[in-house]
Structure formats: structure tokens, C-alpha cells
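Asker:
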Amino acid sequence: MFEARFRAIVVGAMLIVLAGCAVPMQAPATQPAEPAATEAPQTITLMSHDSFAASEDVLAQFEEENNAKLELLPSGDAGAALTQAILSKENPLADVFFGVDNTFFSRAMEAGIFEPYTPEGLQNVPDRFILDPEHRLLPVDYGDVCLNYDKAWFDEEGLEPPQNLEDLTQLEYEGLLVAENPATSSPGLAFMLATVGHFGELGDYTWLDYWLDLRDNDVTIVNGWEEAYWGQFTAASDGDKPLVVSYASSPPAEVYFAEEPLDEAPTGVVTGGGACFRQIEFIGILKGAKNRALAEKLIDFMLGKTFQEDIPLQMFVFPVNQAAELPKVFAQHAVIPENPADVSPGAIDQNRDRWIEAWTQTVLR
Amino acid sequence: MREQEQNPQIPSTGSGRRTHHAPRTTLLTWLIRSAPVILYILPVAFLTVLFFYPLFEIFKLSFVPEGRLSLGSLEKLVSSSYYLKTLWFTIWQATVSMLLTVLLALPGAYIIARYDFLGKSVIQALTTIPFVLPTVVVATAFTALLGPRGWVNTALMGTLGLEEPLINLQFTIWIILLAHVFYNYTVVLRIVGGFWANLSPRVEEAAAVLGAGRWQVFREVTLPLLSPAITAASLLVFIFDFTSFGVILILGGPRYATLEVEIYRQAVNLFNLPVAAALSLAQIVFTFSLMWVYTRLQARTSVPLDLRARRQVQRAPATRREKWIVGGNVALMLGLLTTPLLALAARSFSESGGGWTLNFYRELFINRRGSIMFVPPIEAVRNSVGFAGATTLLALLLGLIAAYLLVRRRGWISSVLDPVFMLPLGTSAVTLGFGYIIALDQPPLNLRASPALIPLAHTLVAFPFVVRSVLPALRGIDPRLREAAAVLGAGPWRVWREIDLPIVGRALLVGAVFAFTVSMGEFGATIFIARPQVPTMPVAIFRFLGQPGALNYGQALAMSTLLMLVVGVGFLAIERFRVGGVGEF
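Protein chains in written order, with numbering that gives the first Met the number 0: chain A, 0 to 364; chain B, 0 to 584.
(1) Quick one: measure Cβ to Cβ for A/Gly98 and A/Ala77, integer angstroms, because I've assumed they're closer than 8 Å.
(2) What are the residues in the stretch 58-84 of chain A lying within 8 Å of chain B by C-beta distance?
(3) In angstroms with no decimal places, state the Cα-to-Cα distance between B/Thr337 and A/Leu188.
(4) From B/Ser351 to A/Glu62, what does the alpha carbon distance come to, in whole angstroms?
(5) Looking at the secondary structure, which residues open and close the beta strand (DSSP E) in which B/Pro164 lies?
(6) Verify whether the separation of the beta carbon atoms of B/Leu556 and B/Ser347 is less than 7 Å.
(7) For chain B, is any of its Cβ atoms less than 7 Å away from the one on A/Arg214?
(8) Is it the case that the Cβ atoms of B/Pro129 and B/Pro537 are separated by a distance below 7 Å?
(9) Once you ignore the five residues that flank B/Ala401 on each side, which residues in its own chain have a CB closer than 6 Å to its CB?
(10) Would you mind reading off the limits of the beta strand (DSSP E) that contains A/Gln278?
(11) Please classify B/Phe570 as buried or exposed, where buried requires at least 16 other C-beta atoms within 10 Å of its C-beta.
(12) Can you tell which of A/Gly303, A/Leu211, A/Pro91, A/Ile43 has the C-alpha that lies nearest to the C-alpha of A/Glu70?
(13) Between A/Leu146 and chain B, is any beta-carbon pair separated by less than 7 Å?
(14) Once DSSP output is grouped into helix, strand and coil, what is the label at B/Val503?
(15) Can you list, in chain order, the residues of its chain with a C-beta nearer than 8 Å to that of B/Leu159? Leave out the 5 residues immediately preceding and following it.
(16) Any beta carbon of chain A sitting closer than 7 Å to that of B/Thr286?
(17) With a 10 Å radius around its C-beta and 16 neighbouring C-beta atoms as the bar for buried, classify A/Asp203 as buried or exposed.
(18) Between A/Pro73, A/Ala178, A/Ala182, which lies nearest to A/Thr219 when the distance is taken from Cα to Cα?
(19) List the residues of chain A whose Cβ lies closer than 8 Å to the Cβ of B/Ala472, in chain order.
(20) Residues of chain B with a CB under 8 Å from the CB of A/Ile220: which are they?
(21) For A/Glu55, decide whether its Cβ has a neighbour in chain B, counting only Cβ atoms nearer than 7 Å.
(22) Thinking just about the alpha-carbon of each residue, which of B/Arg575, B/His179, B/Val415 is nearest to the one in B/Ser243?
(23) Between which two residues does the alpha helix (DSSP H) carrying A/Glu179 extend?
(24) Quick one: any contact between the stretch 119-126 of chain A and the stretch 230-249 of chain A, if contact means 3 or more CB pairs under 8 Å?
(25) Might you give, ordered along the chain, the residues of its own chain that have their beta carbon closer than 8 Å to the beta carbon of B/Leu396, omitting 5 neighbours on each side?
(26) How would you list, in chain order, the residues of chain B whose beta-carbon sits under 8 Å from the beta-carbon of A/Asn320?
(27) Nearest-angstrom Cα distance between B/Ile573 and B/Ser518?
(28) In chain order, which continuous runs of the alpha helix (DSSP H) of length 4 or greater are located wholly inside the stretch 332-401 of chain B?
(29) Name, in chain order, the residues that DSSP records as bridge partners for A/Pro318.
(30) Along chain A, in chain order, which residues have C-beta atoms closer than 8 Å to that of B/Gly160?
(31) Can you give me the C-alpha to C-alpha distance between A/Pro265 and A/Phe329, rounded to a whole angstrom?
(32) Among A/Val342, A/Ala357, A/Trp358, A/Val362, which one has its Cα closest to the Cα of A/Asp100?
(33) Reducing DSSP to helix, strand and coil, say where B/Asn152 ends up.
(34) In whole angstroms, what separates the C-alpha of A/Gly287 from that of A/Glu295?
(35) Between which two residues does the beta strand (DSSP E) harbouring A/Ile43 extend?
(36) Looking at the secondary structure, which residues open and close the alpha helix (DSSP H) in which A/Pro250 lies?
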């Protein structure tokens, strides 16, 4: 009795070992073709960061129109995903990569992992989003990293929310802000870049002077957005910070994902005087893509109206295609800051390490 | 393969014990004789393919890009004292965390080993649940309890009439130590408790009869007998804390960094692969040296023990003193380990306006946005449990073989292999994950985007737990027992089944619990690996936490509570596993 069971366990375990070796070879066969289709659908793989999202029916539309099977490969945060794409450039993991933003733009360009492609949909995209004249990386969406505030908290305290970056160094806002570490967090880096863009590196009052004042005003730094928002922000946690570095699209998300329907967002956005930094997200065809033709189709599709209109409620960022209409909750509760800070990808790439190092010395040490 | 299945007596070789068999020279005999060697190759081959080869490739790419040695970017490592300080912090916080964990968990292990009381197995299961919880979620539980507006501070401010919160652990070393104890208490509890439970109390009783006081008995008899299990558990805890990532990053805040945190920063945020690889190498060398010293000491201290079935050593607490000891430790376990879990669970049922709701749980089943990233809870549970089941079987198999290899091949083989078997635990997950990307990209090892890689990577981290759990018991088996059985006519397979298995069975179950836990919690590497659409429960939790909104937060907590429930049930099931004397001993 026992022997039989033990053998079954040993055999089972060995089968698993074997299965482990066998699965990848079986993989292509696990998708049986529709009997109605004349040809088996071709597979195309989209590698991305973990925040990629889309509606099922929108992606199904792409699959139907192109007789394709779309495989998704979420690969960690934006930095980790790009690093893996670069490491695998000799033998790419996917056909298309989505999710390079303007802070990682130069790293991606320098690695030379993308092939140029000019989709028709680019006509509807304003020039300010097109950073690569050779069209190796094409813009898909954008979002602004901005300060968010807890409306209820400021109401209760009878305090006006800050209007701009300068306000944060005032005494009445002492100890109220939580920001992310630019060395470990993408919104943290964006917010630091906003201060670089706004205050500059030269002159009487540089961006580092500003951070020195923020530090004196008791700014709290955490390593990631989750820790800031879910751990410190009064509107979303047991924390005690009513000001947080988040996104301009966070208020519509608060409304959309509210427990009870809301007329008004519980949080507001500080948009004044260069307090925001614009992140643009790009897509590109990976060099060595197995299915170039289908990859082009996918990019066409993702710049087209259907996908672009799907973006806001799935990823909570804005579509770059100007023909795309915004959903109601976005039109009502989202703000697009007029003058986000302006720092070019080239400047970011050249100075990122130095700026982060200087920031670390100023704020943390 | 077939022959191995038919002859599973493999682990119990031992040439001396088979002499009563008439020597035969058939192929079958040869296979039986060489089967152990074939089996021993398994764990070594597994490590070679899934550990050393990917590491070698990523180190090669980092240090020798385009075929030329390039160490220019490493200058920073020596020129700045920052990295030395990081190394020092990594070591001392791990040491202190380990000592604290052992100190707090030893009394717990004692009551688990020696007493029988109501709800024991449930309490034991509860202590292991922290192990699987994502740090972000644990951090919110800690904030709910100990934060500036948390329950404890609110209560203290109310009763003491204070204006400011009394306790402020946020971003201090204390919260790091507390979290490490919270996560690792169970490692000491289970490994030491499991071993202790089979230790005969007769030597202690003899010492007491001879006039030794309680403290003297503990120090001079119990402690030395327990030392193999205590050191094994301490090592695991130390290495865990040594490579601590989430706790440092999330609870410690930006002023603290371990090597692991710095490696991630260098590799991902700064794309400085050479520095990341050099730091990983430092981690590995340190782990290996530590294990080397341990192996040397261990080999000297291990003695055959008088191991007994637990029903012979356990009883209900009788005297008032015993009741106090049991009660006090149960209170500590519940207070330290279970309150944060309860805080989480309570949150998942709470409405923002006060009052209770099942809303977040209902919402888990609705794909409101028709999103492709929606994970039906049933599917998440199925994927998680499936991966964890595969990991457990694989880790048990490899771990058991590896443990036998270490016990049977004393000498240089085991003194090299013992540290090697621990290396996966002490290696940076992100480095290894990147190694997979470049190394496992060609058939027949084209695993990097295969779902099979997930349980394989989990096994890499899980099987050292099995090795460490099983070794102390295995080394404690008195060889005379086996010899007696053999003399009485039992074949090698029967000897193994009747002697080894019952004694090691308990430890195997402990190993199984950890393997299951490691996988359910998505330990380490997998979170960084590009992975196809087989979302697990932790993946679903992270997806909810990725976007603002009270509903997302509530669903993340609801999914976390489900995760606790599933692993809790899993532990109880594993502990109830009783086949052929496994676990009864």
C-alpha cells in the first residue's frame, strides 16, 4: 500500500521534471486552430512592463482582423522589462516591446534593439510626442507625474492646498509631503526631473537648493509609489501625509475605483508652474522579430482609435492619438497640466546618474 | 528512468549492509548498485542547469562584454566606502535579526515539541502564514497597527492623554528587525520544534535525577543535542535576512540598503551590470564561506541520537508553571505574528465608512472593465496551488536525495556540496533572473518564457529548505538501527522504509511546508522574470495595488486574505499527511 503510493509520488515527481523539459516544445501545439479558419493563426508576442492592460474584446478584435494569436509577456517594472529586452537582443523574447518611457528612452536607443517603422496612425499624433525622427520608438500614451492632495484633509484643517512647487517649502506645509526615491521609483525620478526642469542647475536657487528646503520642511521619502500611496497618503491609507507624488490621472482612478459612486474625486492635483513631469510611453518593433509584418499590424492597431480610446480606463494614462475621445470619468476628473517641466531624453540620459547621486547626497545622507 | 522507479531503495545504499546478498552480476544488480550515483546526479544537474550556468552567463556578459575583460566600471566599488558600509550593514542586521528570531522562537519550539494543547496545529499554521505575504501588504498591516494613526498609537494616546503618537518605528532599524522576526519565526519554530519533538527526554530526566537544575539541564544536555537543528534553522534565517529585499526597501525606507537592494538598483535603475554582478559575486562568496565554516563545525558535532516517536514525549501541560509557559508563548505567537494578519483580514471586510462588507470579495469575481489582465480568483488559486504542488514534490525529491548525498558521501564531496546546496538562497534573485534571460534561450533549454520555469525557479529556492530540515534528523539516525534491521534480514529498501523514513518523515513534512510556502509566496526570482499569462495570487495582488482607488486596495487585501486561507489549509493538509509512518513518529 505504502510502497505503491511512494512510487506514485516518485513517478509523479519525475513526470513533472520531464514535463518541465517538454512544455516549451509542446507550447506551439497547445493552441488548436479554429476549424473555420483557413489558416492557423500566427502568433505574435508583446513584451511589456507589468502595468500594461487592455480590454479583452479590443485585443480580440486585433486577433480576428489579422488571424493572429497575441501572446502577452509582462516582465516586471519598466526598468526591469527594458533591461530584459536589452539582455535578450541576440534572441529576442518577443516581436514588439511596449513601455519604454522618456526617462529610459536613451538607454533603449543606445542599446539599438528597435527597428524603424512609420505607421499611418502617426499623422494623428502631435509632433511633441515624437522623439525619435527615425521612428524606432513610437509614442502610444502619456501621463503626468504631479502632486496629489487629500481634499478632505485640507478642508478639515482649513488649509489651502499648495499651488506650486515653491509652496511646499512654506512652513504651513511642513511634514505633509511624501515623495518617492528617484533611484528606485519611476514617479520619483519624474518628480525629481520636474524640479530640475523648473529650478535648473545654475543660478542663485538651484533644484538642489530646493530639495534642501524640502528636506528642512520635513519631506518623507519612500522607495516606491505603492509605499507612498498605500502606506503614507491620508486619502488612501492609515498614513499621515496629505500630499503625495502620484499621477494627474490618479483622481479619475479614485472615482472609477471608488467603493461607492462619487460625484467628485477625493483627491486633487497641483498643476501650477512646472510642478508636473510628463512621461511618454513608447512602443517599438524588436530587432530580430520573428513576425515583422504582424508586428507592424499590431503597432498600427495600438495607435488606432479603438485601442487608443481603450487606454484611459485600462492604464489610466492619456492616448497620444488626438482623434481618440476620452471616457466621461476622464473628461470630468482628469487634468492635463498646461506646462509640464521640460527635460529632454538626451539630457536625462547624460545626467541621470549624476543627478540621482546629488539628490541622494542632499536629501538622504 | 524505469529502473529507478522500480528500485526506489536508492537513497539507502551503504555497501556494508548488503553483504548478506549473494553477489550477482546481472545488469539489474549493476543498475541497483549504480542507481544511487545516477540519483545523486539529479540535484547536482539541476543546480548546474538552473543555477550555475545562468549565473556564469550573466557574469560573463557583465565582466567580459564582447569577449574582452572590462573591469573599468568596478573602480567605483573600491573608491567609495559606500559599498563597504552596505556590506557591513547587510551582515550586522542579518546577524541581529537572526539572534532575535532564534531567541524568541526557541521557547515556542519547546512548547510545540513537548506539549499537547488545544489548537496547536492551527497556531502552528498561523505562524507560517506571514512567510507568503507580499511585503507591501505586510507594511500596510504594520502601519494599521503601529503607524502614527494605527490602533496601538491611537489607544495609547487615548489612555495616556498624549498629543503625539508614542511609538514611531517608521523607517527605523527596529521595524526591519521586527519584520524579519515576523517573517522567519516559523523557520526556527518548525525546524527546531520538529527535531526537538523526536528527541528522547530520557537523557534530560537522567540529568535531573542526578541533581542538575533546569537551567543546567537545558544548557548542558538539551542545547548540545538540539544544536544541529538550531544551527540549520539559524543559517536559513541568516541567509534570508542577508538577502532581504522587500523588507528593507519598503519598511526600512531609502536610508537603508542591503547588498540585494543595491544589486537591484544597479542592475535595473542604473543599468550598471558589472557593479551589480560584482556585488552578487560578493554575496555568493560570503554565503559560501559561511556555509563552509558551518559544514566543518557540523560534521564534528553530529552524533547519533536517541530519537523517539512524538507521542512518547508530548503531553498536556499539567502544572501551573507549565500552563504559564505554554500560555505565554502562545500569547507571544498570536500577538507578534497573528495580529497583523488579523488586521489585514479585518480590513478586507471593512467599509470605509465603518461597518462590514463582502463587497471586495464579490468584486474579485467581476471583470468590470473587461480587462485582459483580470484574474479570476479561482484561476489564481489554481495556478498558485498547481505551481506550489509541483514545487513541493520536486523540492522534496531533490532535497531528500541531496541530503542523503551529504550524509553518505562524507569527506570532500559533502564539504563542497553542502555549501553549494545553500547558494541559491544566498544569491540575488534579479541577477539570476537576468541570467535566465540570456542562458536559457535555446532548445532544449528554451525555458525563459515557459510556464515550467516558474516551479523550477521556486524549487531552486525551496529545496535548500528541505535539505536543511532533513539533515539533522538523518544524521541523528543511529546506524546500529539499520544494521540491526539488516541482520534481521531486511533488504535495503525495507531498511529505508522501516527505519529511515519514519525518522525522517517528520522533517520531510517540515520541508514540504516550506517548499509549499516558498512557492505560494512567489519567492524571489520569479517576480523579475518575464512570465507568460499564468497569473498567481501574488501577481493578482500586485495588479490591484498598481492603480489608485479604494476598490483596488480592498480587493488586494481580499486576495491577500484568500492567500492566507489557501496556505493555511495547505499547511494543515500537509501536516495531516500520514502514509507509511511519515509524520507519525
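Glycine is no exception: its CB is placed at the ideal position from the N, C-alpha and C atoms. In this text the structure is predicted, and so the values were computed from the model without any measurement.
Answerer: So, to answer that:
(1) The count along the first sequence starts at 1 and reaches residue 98 of chain A at position 99. The count along the first sequence starts at 1 and reaches residue 77 of chain A at position 78. A/Gly98 to A/Ala77, Cβ: 6 Å. Contact.
(2) Leu58, Glu70, Leu71, Leu72, Pro73, Ser74, Gly75, Asp76, Gly78, Ala79, Ala80, Thr82, Gln83
(3) Indexing the second sequence from 1 puts residue 337 of chain B at position 338. Indexing the first sequence from 1 puts residue 188 of chain A at position 189. Roughly 37 Å separates the two Cα atoms.
(4) Sequence index remark: in the second sequence, residue 351 of chain B carries index 352 (1-based). Sequence index remark: in the first sequence, residue 62 of chain A carries index 63 (1-based). Each residue's alpha carbon lies about 41 Å from the other.
(5) Locating residue 164 of chain B in the second sequence gives position 165, counting from the first residue. Looking at the DSSP string, B/Pro164 is not in any beta strand (DSSP E), and its letter there is neither H nor E.
(6) Locating residue 556 of chain B in the second sequence gives position 557, where the first residue counts as 1. Locating residue 347 of chain B in the second sequence gives position 348, where the first residue counts as 1. The answer is yes: Cβ separation under 7 Å.
(7) Taking the first residue of the first sequence as position 1, residue 214 of chain A is located at position 215. Taking Cβ atoms only, chain B never reaches closer than 7 Å to A/Arg214, which makes this a no.
(8) Your numbering for residue 129 of chain B matches position 130 in the second sequence. Your numbering for residue 537 of chain B matches position 538 in the second sequence. No. Outside cutoff.
(9) Mapped onto the second sequence, residue 401 of chain B falls at position 402. Cβ neighbours of B/Ala401 beyond the five flanking positions: Pro42, Phe420, Val466.
(10) Here residue 278 of chain A corresponds to residue number 279 of the first sequence, with the count starting at 1. 276-285 is the extent of the beta strand (DSSP E) around A/Gln278.
(11) Position 571 of the second sequence, counted from the start, is the residue given in the question as residue 570 of chain B. Buried.
(12) The sequence position of residue 70 of chain A within the first sequence is 71, counting from 1. Ranking the options by Cα distance to A/Glu70, first place goes to A/Ile43.
(13) For the purposes of this step, residue 146 of chain A is taken as residue 147 along the first sequence, with counting starting at 1. It does not: the Cβ of A/Leu146 has no partner Cβ on chain B nearer than 7 Å.
(14) For the purposes of this step, residue 503 of chain B is taken as the residue at position 504 of the second sequence. B/Val503: helix per DSSP, three-state reduction.
(15) Position 160 of the second sequence, counted from the first residue, corresponds to residue 159 of chain B. If we look at B/Leu159 and ignore the five residues flanking it on each side, its Cβ neighbours are Leu165.
(16) In the second sequence, residue 286 of chain B corresponds to position 287, counting from 1. For B/Thr286, the answer is no, since every Cβ of chain A falls outside 7 Å of its Cβ.
(17) Residue 203 of chain A sits at position 204 when you count from the first residue of the first sequence. Looking at its Cβ environment, which holds fewer than 16 other Cβ atoms inside 10 Å, A/Asp203 is exposed.
(18) Counting from one through the first sequence, the residue named residue 219 of chain A turns up at place 220. For A/Thr219, the nearest C-alpha among the options comes from A/Ala178.
(19) For the purposes of this step, residue 472 of chain B is identified with residue 473 of the second sequence, where counting begins at 1. Here the premise fails: no neighbours, minimum Cβ distance about 18 Å.
(20) Here the question's residue 220 of chain A lines up with position 221 in the first sequence. Near A/Ile220 (Cβ distances below 8 Å), the residues of chain B are Gly252, Pro253.
(21) The count along the first sequence starts at 1 and reaches residue 55 of chain A at position 56. Output row for A/Glu55: interface = yes.
(22) Counted from its first residue, the second sequence places residue 243 of chain B at position 244. Taking only the C-alpha atoms, the option nearest B/Ser243 is B/His179.
(23) Position 180 of the first sequence, counted from the start, is the residue given in the question as residue 179 of chain A. No alpha helix (DSSP H) holds A/Glu179; the beta strand (DSSP E) holding it covers 176-179.
(24) no
(25) On the second sequence, position 397 is the one that residue 396 of chain B refers to. Only Leu41 meet the Cβ criterion.
(26) The sequence position of residue 320 of chain A within the first sequence is 321, counting from 1. Chain B residues near A/Asn320: none, gap ~20 Å exceeds 8 Å.
(27) To locate residue 573 of chain B, count along the second sequence from 1; it is residue 574. To locate residue 518 of chain B, count along the second sequence from 1; it is residue 519. Spanning the two alpha carbons is a distance of roughly 15 Å.
(28) 338-347, 358-363
(29) Mapped onto the first sequence, residue 318 of chain A falls at position 319. Answer is A/Asp140, bridged to A/Pro318.
(30) Counting from one through the second sequence, the residue named residue 160 of chain B turns up at place 161. Correct list: empty, because the minimum Cβ distance to chain A is about 20 Å.
(31) Your numbering for residue 265 of chain A matches position 266 in the first sequence. Your numbering for residue 329 of chain A matches position 330 in the first sequence. About 14 Å.
(32) The residue you call residue 100 of chain A lines up with position 101 of the first sequence. For A/Asp100, the nearest C-alpha among the options comes from A/Val342.
(33) In the second sequence, the residue the question calls residue 152 of chain B occupies position 153. Helix.
(34) Here residue 287 of chain A corresponds to residue number 288 of the first sequence, with the count starting at 1. Here residue 295 of chain A corresponds to residue number 296 of the first sequence, with the count starting at 1. Roughly 13 Å between the two C-alpha positions.
(35) Position 44 of the first sequence, counting from 1, holds the residue named residue 43 of chain A. 41-47 is the span of the beta strand (DSSP E), which, as asked, contains A/Ile43.
(36) Here residue 250 of chain A refers to the residue found at position 251 when the first sequence is read from its first residue. First-last of the alpha helix (DSSP H) with A/Pro250: 249-255.
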